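Its first residue numbered 276, the sequence shown is counted upward by one per residue in the numbering used here.
Each remark here refers to the structure printed beneath this line.
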Amino acid sequence: MNVKKISFKEKVGYGLGDAASSMFWKLFSMYLLIFYTDVFGISAAAAGTMFLITRVWDSFCDPVVGVMADRTSSKWGKFRPYLLWVAIPFAVIALFTFYTPDFTQSGKLIYAYVTYSLMMMIYSLINVPYASLMGVMTSDRIERTALSSYRMVFAFGGSLLALALIEPLIDLLGGKSDPQQGWFLSIVIFAVIASVFFWLCFAWTKERVRPMNETENDLREDMKNLLANRPWWILLGAGISALIFNSIRDGGAAFYFKYYIGQDSHIDLALGSARINLSLTTLYLVLGQAANIIGVIMATPLSARIGKKNTFLLVMSIATVLSLTFYMFGREHLVWIMVFQLLISICAGCIFPLLWSMYADIADYSEWKNGRRATGLIFSSSSMSQKFGWTIGGAATGWLLGYYGFQANVEQTEVAQSGIRLMLSVLPAIGTVLSVVFIAFYPLTEEKLQHIEDELESKRKNHVKLEI
């Protein structure tokens, strides 16, 4: 059975799943390092090494989870059960991750390795089936883009919720006198919220698209089909390039405002009778998050009008021009810096719902070509590649700073300042150019996808008749 239109409630339910994941992903990416150094009590170097090792290990877990999910059979489907089963383990491991035991330095480091590794494994165990779920909720391409847009809006909403509440909650729950208690109790609240969101996602969604051939293929055959899937390789390259573009810009932002614009740069905002003193770095990042949401919302109507491939080409081409222009701005061009941050982030926001929707199309293409629907494997391998993209972009940020001679907490040389400016402009543009080159060769046009959808639907109807 395939339903063309997905209800608003089901789209919201699907979005809540990523809101739950994104709350913790944002806490991991923005706060976990400072938690480990300032509250937990291990060195930044040790924490950095741990992040590298555990994230690479976690990336290889994703395909394993995808293969396992593809072979899951339950009354709730293949992917939804993981939202039900793993929600509580996710919350429990999150609490252990942000708990500070009374151990020695070496004991704490071992504890951090174990809990963070488990956290990342549990994250994959619930997030990979969640991502794969979109591919079996509907086979309609426009509805998939809409689902992906809801997912991204809720993801950014969850991120904003976490960033807005974490510091006030820590202070409220005793963080000023006992930061370890403040952190742990705050994470309890987020863990409860995440569990409820995962369960609502399970309850409000439905799996509809079922493969015609339910027999279990050999894993080697699944891998062979994936590696021979040309559209998957092309989208892989485009996605990694786009993520490198995004992560270098994000990683360089704080350095840009502290060491180029000036450490004391703030702006006063009037909210009624109250005035808020906001750092330019915070304003820049908040504008980016808000603009990402605008881009996500724009992705569905734009791709419905001109197609996903053309939308990808358009927004990444615009991002390239805007990024190259960004280098021209000096300290005196703050308004233009914020305006271009808004415009570039809108372009970046458009990309993410398109990527996940296009991976669902590739699952259709694989079933059409090979007679086997390995949705979980395709989404998990794509998730793995995206984590590699973030890892490469994050590592490149540090390498570039070192290459340009950056030294912390001192006035930077002209070479270092120029390098930091390049990290927000020309260097990210290399990623957008590469993504445009990759996607130009993407063969799954709207006409091709319509042909695939029609043939698959016809085969499914005939398959149902034969079973009857």
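Even glycine gets a Cβ: it sits at the ideal position worked out from N, Cα and C.
The model shown is predicted, which means the values in this text are computed figures rather than measured ones.
For a quick check, are the C-beta atoms of residue i and residue j less than 8 Å apart?
i           : j           : result
residue 401 : residue 374 : no
residue 416 : residue 729 : no
residue 574 : residue 622 : no
residue 445 : residue 457 : yes
residue 713 : residue 382 : no
residue 566 : residue 429 : no
residue 325 : residue 391 : yes
residue 717 : residue 584 : yes
residue 386 : residue 376 : yes
residue 303 : residue 465 : no
residue 395 : residue 329 : yes
residue 434 : residue 297 : yes
residue 695 : residue 563 : no
residue 602 : residue 697 : yes
residue 224 : residue 362 : With the chain covering 276 to 743 only, the question about residue 224 has no answer from this structure.
residue 366 : residue 452 : no
residue 706 : residue 476 : no
residue 559 : residue 687 : no
residue 333 : residue 399 : yes
residue 629 : residue 600 : no
residue 479 : residue 284 : yes
residue 731 : residue 639 : yes
residue 448 : residue 460 : yes
residue 504 : residue 641 : yes
For residue i, count neighbouring C-beta atoms within 10 Å of its own C-beta (all shown protein chains included) and say buried if the count is 16 or more, exposed if not.
i           : result
residue 443 : exposed
residue 524 : buried
residue 631 : buried
residue 468 : buried
residue 616 : buried
residue 420 : buried
residue 335 : exposed
residue 350 : exposed
residue 750 : Residue 750 is absent from the structure shown; the chain starts at 276 and stops at 743.
residue 514 : buried
residue 646 : exposed
residue 744 : Nothing about residue 744 can be reported from this structure: the residues present for the chain run from 276 to 743 only.
residue 309 : exposed
residue 403 : buried
residue 472 : buried
residue 704 : buried
residue 578 : buried
residue 327 : exposed
residue 355 : buried
residue 378 : exposed
residue 348 : exposed
For residue i, I'd like the list of residues in its chain whose CB is within less than 7 Å of its CB, leaving aside the five on either flank, ordered along the chain.
i           : result
residue 507 : 501, 637, 653
residue 619 : 594, 597, 598
residue 462 : 369, 370, 373
residue 384 : 317, 321
With hydrogens ignored, establish whether the beta-carbon of residue i is closer than 7 Å to any heavy atom of the ligand GTP.
i           : result
residue 504 : The ligand GTP is absent from the structure shown, which contains no ligand whatsoever.
Would you please state the rounded distance, in angstroms, between the beta carbons of residue i and residue j? I believe it to be under 8 Å.
i           : j           : result
residue 643 : residue 727 : 5 Å
residue 253 : residue 591 : With the chain covering 276 to 743 only, the question about residue 253 has no answer from this structure.
residue 571 : residue 520 : At roughly 17 Å, the Cβ-Cβ gap does not stay under 8 Å, so residue 571 and residue 520 are not in contact.
residue 484 : residue 414 : 5 Å
residue 633 : residue 510 : 6 Å
residue 689 : residue 582 : Going by Cβ atoms, the distance from residue 689 to residue 582 rounds to 45 Å, so no, they are not a contact pair.
With a CB to CB cut of under 6 Å and the five nearest residues on each side skipped, what residues in its chain are close to residue i?
i           : result
residue 282 : none
residue 418 : 281
residue 368 : 393, 394, 397
residue 580 : none
residue 315 : 375
residue 742 : Here residue 742 scores only 49 on pLDDT, less than 50, and its place in the model should not be relied on; the value that follows carries that caveat. Excluding residues within five positions, none has a Cβ falling inside 6 Å.
residue 364 : 397
residue 569 : 621
residue 692 : 535
residue 556 : 529, 532
So, at 8 Å on beta carbons, what are the nonlocal neighbours of residue i in its own chain, with the 5 sequence-adjacent residues on each side left out?
i           : result
residue 537 : 606
residue 733 : none
residue 425 : 286, 287, 289, 290
residue 301 : 433, 434, 437, 438
residue 530 : 676, 681, 695, 698
residue 238 : Lying outside 276 to 743, the shown extent of the chain, residue 238 is not represented and no answer is given.
residue 338 : 652, 655, 656, 659
residue 613 : 558, 559, 562
residue 306 : 441
residue 497 : 342, 345, 647, 649, 652
residue 454 : 313, 314, 445
Please give the ranges of any alpha helix (DSSP H) in the segment 350 to 420, keeping only runs that are unbroken, at least 4 residues long and fully inside the region. 355 to 372, 380 to 412
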